[in-house]
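Participant:
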Amino acid sequence: PAPDRPIPVAVLGATGSIGASALDVIARHPRHWRASVLAGGSRVAELIELCRRHRPDHAVIADEAQFANLRDGLRDAGLTTQAHAGMAAINALVASDACEVVVAAIVGAAGLDSTLAAARTGKRLLLANKESLVLAGELLMATAREHGSTIVPIDSEHNAVFQCLPVDGDRRALASIVLTASGGPFRGRTRADLADITPAQAVAHPKWSMGPKISVDSATLMNKGLEVIEAHHLFNLPAERIRVLVHPQSLVHSLVEFTDGSTLAQLGLPDMRTALAVGLAWPRRIASGVDRLDLLQHGTLQFEAPDLDTFPALRLAFGALRTGGTAPAALNALNEVAVSAFLQGKLRFLDIPALVEDGLAMLPVLEATSLDVLREADRDARAAGVRLLSRHHT
Ligand code: NAD
Ligand code: MG
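Following our numbering, the residues of the sequence shown are numbered contiguously, the last one being 403.
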């Protein structure tokens, strides 16, 4: 049954790939949900276009220099959507009664504050911004627990595990989880093959259509490394009970192993709208626009071990998780610096994990006792990353 009025949803990162998928699913169910707050980084014209289509109450552009453009553009379009700018405005709207559900789909550590703000509200949090979990996972999970916010992971693997875990079941029966990885565009290549990879080659993912940063992360396998750390926090499992299996078809999204020998998996076409539909409606299921999986049409499902020599980023992430403290925050920050430089043509593909490894070796590991300590570790690692860039310069 539909609620009395549609549930208002804030979509943070509305102009991105996950944002588009979230808005697509919401628009399929106008009696149940409506996009009430749309927030984007800096692309004002795209944000205004989304406002035309979805008629939210509020639109926020994170880049404060763009406020006038947003306000005037909304007015010229004849919209009553209220214009705002800056991160503080995003956080305030997340906390206000302008929304009851928050889709956290800003990319990178830039999403941490708004994700934390959402966790403090007791609202349902559809969490795509995996970097905030890598950077401050313990704190974020504790904040959500304390305020009664339900986190539904919007990462295909973690959403798969979420679906396979028994709702009220015995968690002691959970043995381990297996995250699947497509292997990215360079699966099967050797290091020598990867010396001259261009940004265009790296972002051309064979199975998933995603934003540029996560596409590069998928090509280096750092994405899977970030996901191992993400899984550790979401499901409270040690590194030893999280494994990675390469599965090039990207149809099995992850597996959960139980103590009785059962393995449960979630399968589906690679389209994030399924995870977003689960996030909005769980424990119900709703149409997402994604077709059902026809296994006969796909034929074979393959599985292989990840190649850690060619893709050392996955090993580095496991190492940072085992080290703990501020190491995952440093790993994430160094990776953000390296990926951004790679996308600008200032760093070679193989130097992405090399820069992360060198940075981790330089930086001290502190106990992650507070948000301030983590923020400082993030800042220090970015500064170290920038210094290392000159050394790795192509
Ligand atoms: P994207 O680059 O397509 O979109 C990023 C969004 O964040 C844009 O709306 C952009 O305007 C906004 N943004 C960027 N910097 C910002 C800032 N400083 N302040 C405010 N907003 C800012 O990225 P995406 O692929 O949609 O990924 C978003 C997040 O979801 C990432 O953390 C990614 O790891 C995660 N994720 C994505 C997918 C996918 O299929 N795309 C799958 C799993 C997880
Ligand atoms: Mg994923």
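All C-beta atoms, glycine included, are put in the ideal place defined by N, C-alpha and C.
1) How far does the beta strand (DSSP E) with residue 189 in it reach, from first residue to last?
2) How would the residue list near the ligand MG read, in chain order, if you kept each one whose beta-carbon is closer than 6 Å to any heavy atom?
3) Hey, residue 83 and residue 46: beta-carbon distance below 7 Å or not?
4) For the segment 163-177 against the segment 271-288, are there 3 or more C-beta pairs whose distance is under 8 Å?
5) Alpha carbon to alpha carbon, what distance is there between residue 304 and residue 109?
6) How many Å lie between residue 311 and residue 243 at the Cα?
7) Can you give me the C-alpha to C-alpha distance between residue 349 and residue 72, rounded to a whole angstrom?
8) Look at the Cβ atom of residue 91, then the Cβ atom of residue 63, and state whether they are nearer than 7 Å.
9) Between residue 330 and residue 323, how many whole angstroms is the CB-CB distance? I'm expecting something under 8 Å.
10) Can you look up residue 251 in the DSSP assignment and give me helix, strand or coil?
11) Counting pairs of Cβ atoms below 8 Å between the segment 286-294 and the segment 179-190, do you hit three or more?
12) Do the segment 340-359 and the segment 290-302 touch if we need at least three Cβ pairs shorter than 8 Å?
13) For the pair the segment 353-365 and the segment 193-212, tell me if three or more CB-CB distances fall below 8 Å.
14) Considering only heavy atoms of the ligand NAD, does any lie closer than 6 Å to the CB of residue 234?
15) Considering only their Cβ atoms, is the gap separating residue 74 from residue 49 smaller than 7 Å?
16) So if DSSP puts residue 263 in a beta bridge, which residue, or which two residues, is it bridged to?
17) Which residue comes first and which comes last in the beta strand (DSSP E) that contains residue 311?
18) May I have the straight-line CA-CA distance separating residue 235 from residue 270, to the nearest angstrom?
19) Note down, in chain order, each residue of its chain lying with its Cβ closer than 8 Å to the Cβ of residue 184, except the 5 sequence neighbours on either side.
20) List the DSSP bridge partners of residue 47.
21) In whole angstroms, what is the alpha-carbon distance linking residue 314 and residue 171?
22) May I ask you to list the residues that DSSP assigns as paired with residue 342?
23) Can you list, in chain order, the residues of its chain with a C-beta nearer than 7 Å to that of residue 12? Leave out the 5 residues immediately preceding and following it.
24) From what residue to what residue does the beta strand (DSSP E) around residue 198 run?
25) Using DSSP bridges, identify the partner residues of residue 91.
26) Taking 6 Å as the line, does the beta carbon of residue 22 fall inside it for any heavy atom of the ligand NAD?
27) Would you mind giving the Cβ-Cβ distance between residue 156 and residue 129, rounded to the nearest angstrom? I have them listed as a contact below 8 Å.
28) Would you kindly work out how many angstroms separate the C-alpha atoms of residue 224 and residue 335, rounded to a whole number?
Facilitator: Judging by the given coordinates:
1) 183-190
2) 164, 165, 166 and 236
3) no
4) yes
5) 37 Å
6) 27 Å
7) 18 Å
8) no
9) So it is not a contact: roughly 11 Å between Cβ atoms.
10) strand
11) no
12) no
13) yes
14) no
15) no
16) 188 and 275
17) Here residue 311 belongs to no beta strand (DSSP E), and DSSP marks it neither H nor E.
18) 28 Å
19) 250, 266, 267 and 268
20) 20 and 68
21) 23 Å
22) According to DSSP, which records beta bridges pairwise, residue 342 is partnered with nothing at all.
23) 41
24) First-last for residue 198: undefined, no H or E at that position.
25) 67
26) yes
27) 5 Å
28) 25 Å
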